[in-house]
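Working notes, structure below.
In our numbering, the protein residues as written are 1 to 623.
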């Protein structure tokens with residue numbers, strides 16, 4: 001029991017910090033003393049146990065978490081910091097008792113929301129489909145966001161056991177003030193004790209009143225009462241409680257498939273997942289970023305189309321990793337550590353040696369300062385027309401090259417690139433950005449036409465990091481053996497330009513733009529582009545007959561990860577189809593990437609300015 005408590009969140013944060021200050025330096029030193037390493041880890045375990053035991057004397061707390069609701073909107077507990085309290089209602093479409101109470105929950109929201117209390121529901125039932133959840137919302141006019149907890153990990157962290165159960169949180173301290181039902185006699189309720197529900201004045205209302213009055217701190221222990229409703233089943237949790245996931249056969253394969261391509265020596269991620277010891281040291285952070293959906297990156301709404309390069313992690317995979325971490329990240333009995341067998345790529349060129357390499361002139365980036373975009377034009381010496389089928393950008397120094405855009409232009413083209421603007425004389429080749437550094441092969445029967453006498457034009461955005469360095473980026477071009485049938489094109493759908501104006505402190509400043517295709521096109525890929533205040537972006541299409549489809553939903557936009565999302569099945573858009581992009585910015589203090597919540601933000605090229613661009617990659621069909 002004592003050892004189990006040592007693996008709670010606070011311990012793990014301490015372990016991760018100390019591990020990399022003390023243990024890893026010893027690992028890298030050839031004179032590593034195994035005894036010292038073992039003593040360091042043992043000391044951490046001992047100290048952590050003391051702190052963990054003491055923490056149980058106070059009210060329960062829950063770690064930060066994030067979920068997408070039934071309409072594809074992202075919710076994170078941390079961003080409810082302005083609320084006096086957050087009420088989480090456990091629901092299930094297949095629970096009759098719960099459905100009968102929906103009107104009560106709606107009335108509660110009407111009563112308390114005006115006093116600064118936020119309401120959300122959570123569906124953790126493995127039996128409910130998304131369609132059932134949406135139908136329940138529509139039929140009963142529920143009008144409360146229903147968070148989809150497919151992995152049940154949030155329900156586990158909240159201690160939920162029934163559909164119909166209610167949790168009241170104080171968001172600034174992540175403190176659980178109350179867990180139970182609605183109709184409870186306060187005389188019979190005691191902190192930390194479970195009692196039967198009876199008619200009368202509600203403990204629930206008393207707790208909310210204290211929270212609204214700023215007296216939540218007076219509730220020293222979580223108040224627990226019995227809730228009416230249908231029992232929730234947790235098969236994965238129960239299974240892993242009897243047998244923790246095996247590192248070698250269950251955990252390592254998931255990490256290898258979903259994580260190691262970035263978390264490898266020399267990769268773009270901050271540490272390499274090259275051993276069990278390394279993963280165990282970082283496991284507290286791994287759990288946190290999974291629970292808040294920051295990792296794996298490029299998380300799009302899984303209920304809107306399927307994208308080949310979106311790093312989906314399903315419920316079973318999440319349960320396996322989180323339950324393994326909660327169990328203490330055990331090494332298991334396997335003699336072989338699968339992560340130690342992973343070899344780095346043999347070549348930096350993923351598709352082999354390119355047919356032609358464009359050498360970008362070296363650029364010296366100073367240690368500090370703000371740099372203007374670098375625009376360079378490099379003539380191509382091709383004596384004949386060629387078609388490009390694949391490209392790869394190879395940054396010289398990833399620490400300073402934030403992103404670049406490359407185009408095919410006539411050799412005498414001199415106009416500067418303005419991101420978000422379209423030019424008939426330029427054909428977008430490809431870009432490099434965080435999460436967009438892999439080789440790109442255009443869809444079958446498509447390519448980029450490069451006439452004789454063309455040039456490559458690039459716009460490069462460099463950022464400083466405290467040390468002078470030199471970047472020498474390369475661009476690899478791979479030629480098509482045969483002329484493809486279609487030209488691959490990219491259109492920049494944007495709004496605002498330098499007219500963007502986001503007020504200080506704005507939590508959800510909305511923006512939209514649209515474009516109608518004159519020709520029939522086959523849509524292959526999409527990329528939302530905003531800067532630090534970017535919050536979300538959704539692409540949809542309105543067909544000529546008035547019908548509408550969603551194309552992609554990016555509910556939690558991340559400036560540090562900007563791939564072009566590639567549709568597994570291209571979408572045919574008839575001539576006259578209008579593509580719409582809708583999104584929002586968060587210029588508040590709850591956006592942790594916000595440079596200055598007090599600033600009025602306008603459109604511009606620098607990262608602290610803003611952009612609102614949706615890139616559409618397609619080919620005309622000729623029909």
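Glycine is no exception: its CB is placed at the ideal position from the N, C-alpha and C atoms.
If residue 371 and residue 458 are in contact, beta carbons under 8 Å, what's the gap, nearest whole angstrom? With 8 Å as the limit, residue 371 and residue 458 do not qualify as a contact, their Cβ atoms being about 15 Å apart.
Tell me the rounded alpha-carbon separation between residue 548 and residue 490. One C-alpha to the other measures close to 22 Å.
Could you name the residues that DSSP lists as bridge partners for residue 459? Per DSSP, 375 and 405.
Can you have a look at residue 357 and say buried or exposed, based on whether 16 or more other CB atoms are within 10 angstroms of its CB? Burial call: exposed.
Could you give the first and the last residue of the continuous beta strand (DSSP E) run that contains residue 444? Counting along the chain, residue 444 falls outside any beta strand (DSSP E), and DSSP gives it neither H nor E.
With a cut-off of 8 Å, do at least 3 Cβ pairs link the segment 303–313 to the segment 218–227? With a cut-off of 8 Å on Cβ pairs, the segment 303–313 is not in contact with the segment 218–227, counting fewer than three such pairs.
Backbone CA spacing between residue 473 and residue 106 [nearest angstrom]: Straight-line Cα distance between these residues: approximately 57 Å.
Are residue 556 and residue 536 close, meaning C-beta to C-beta below 9 Å? In this structure, residue 556 sits near residue 536, with a CB-CB distance shorter than 9 Å.
With a CB to CB cut of under 7 Å and the five nearest residues on each side skipped, what residues in its chain are close to residue 403? Only residues of its own chain outside the window of five on either side were considered, and among them 431, 432, 433 and 461 have a CB closer than 7 Å to the CB of residue 403, listed in chain order.
Distance, residue 148 Cα to residue 316 Cα: Straight-line Cα distance between these residues: approximately 15 Å.
Closest to residue 287 by CA distance: which of 413, 67, 611 and 325 is it? For the set 413, 67, 611 and 325, the Cα lying nearest the Cα of residue 287 is the one of 325.
Any C-beta of chain D under 9 Å from that of residue 167: The question asks about chain D, but that chain is absent: this structure has only one protein chain.
Span separating the alpha-carbon of residue 394 from that of residue 475: Rounded to the nearest angstrom, the gap between the Cα atoms of residue 394 and residue 475 is 6 Å.
Return the chain-ordered ranges of every beta strand (DSSP E) run that is complete within the segment 539–608 and spans a minimum of 3 residues. Restricted to the segment 539–608, the beta strand (DSSP E) segments that are unbroken, complete and at least 3 residues in length are 548–554, 565–573 and 578–585, listed in chain order.
Three-state secondary structure (DSSP) at residue 207? The answer is helix: DSSP assigns residue 207 an H, G or I state.
Identify the residues that DSSP records as bridge partners of residue 625: which are they? Only positions 1 to 623 of the chain appear in this structure, which leaves residue 625 out of reach.
Is DSSP giving residue 147 helix, strand or coil here? Annotated three-state conformation of residue 147 is strand, per DSSP.
Work out the CA separation of residue 497 and residue 605 for me, nearest whole Å. Using only the alpha carbons, I get a separation of about 9 Å.
Give me whichever residues DSSP pairs with residue 486 in a beta bridge. Residue 486 is bridged to 446.
Please report the distance separating the alpha-carbon of residue 558 from that of residue 383. For residue 558 and residue 383, the distance between alpha carbons rounds to 42 Å.
Whose C-alpha, out of 442, 276 and 499, is nearest the C-alpha of residue 523? Put simply, of 442, 276 and 499 the residue whose alpha carbon is nearest the alpha carbon of residue 523 is 442.
From what residue to what residue does the alpha helix (DSSP H) around residue 131 run? Its alpha helix (DSSP H) spans residues 130–139.
If we count the other Cβ atoms within 10 Å of its Cβ and call it buried at 16 or more, is residue 236 buried or exposed? The residue is buried, with at least 16 neighbouring Cβ atoms inside 10 Å.
Alpha carbon of residue 595 to alpha carbon of residue 83, nearest angstrom: Cα-Cα distance, rounded: 23 Å.
Please classify residue 229 as buried or exposed, where buried requires at least 16 neighbouring CB atoms within 10 angstroms. Looking at its Cβ environment, which holds 16 or more other Cβ atoms inside 10 Å, residue 229 is buried.
On the criterion of 16 or more Cβ atoms from any shown chain inside 10 Å, does residue 86 qualify as buried, or is it exposed? By the neighbour-count rule (16 or more Cβ atoms within 10 Å), residue 86 is buried.
Name the one or two DSSP bridge partners that residue 162 has. In DSSP, residue 162 forms a bridge with 231.
Can you give the beta carbon distance from residue 407 to residue 427, rounded, assuming they're within the 8 Å contact cut? Contact annotation, residue 407 with residue 427: C-beta distance approximately 6 Å; criterion of less than 8 Å satisfied.
Under three-state DSSP, which class holds residue 115? Residue 115: helix per DSSP, three-state reduction.
Given 8 Å as the limit, is there contact between the segment 511–525 and the segment 569–587, that is, 3 or more CB pairs closer than that? Touching, yes.
Taking a contact to mean a Cβ-Cβ separation below 9 Å, would you say residue 590 touches residue 507 in this structure? Result yes, Cβ atoms of residue 590 and residue 507 sit closer than 9 Å.
The beta strand (DSSP E) enclosing residue 330, as first and last residue numbers: Where residue 330 is concerned, there is no enclosing beta strand (DSSP E), given that its DSSP letter is neither H nor E.
Between the C-alpha atoms of residue 263 and residue 552, what's the straight-line distance to the nearest angstrom? Near 27 Å, if we compare the C-alpha coordinates of residue 552 and residue 263.
Report the option in 505, 417 and 249 whose CA atom is closest to the CA atom of residue 335. Looking from the CA of residue 335, the closest CA among 505, 417 and 249 belongs to 249.
Closest Cα partner of residue 182 within the set 216, 366, 440 and 90: Nearest option by C-alpha distance: 90.
Pairwise C-alpha distance: residue 240 and residue 150: Rounded to whole angstroms, residue 150 to residue 240 spans 17 Å at the Cα level.
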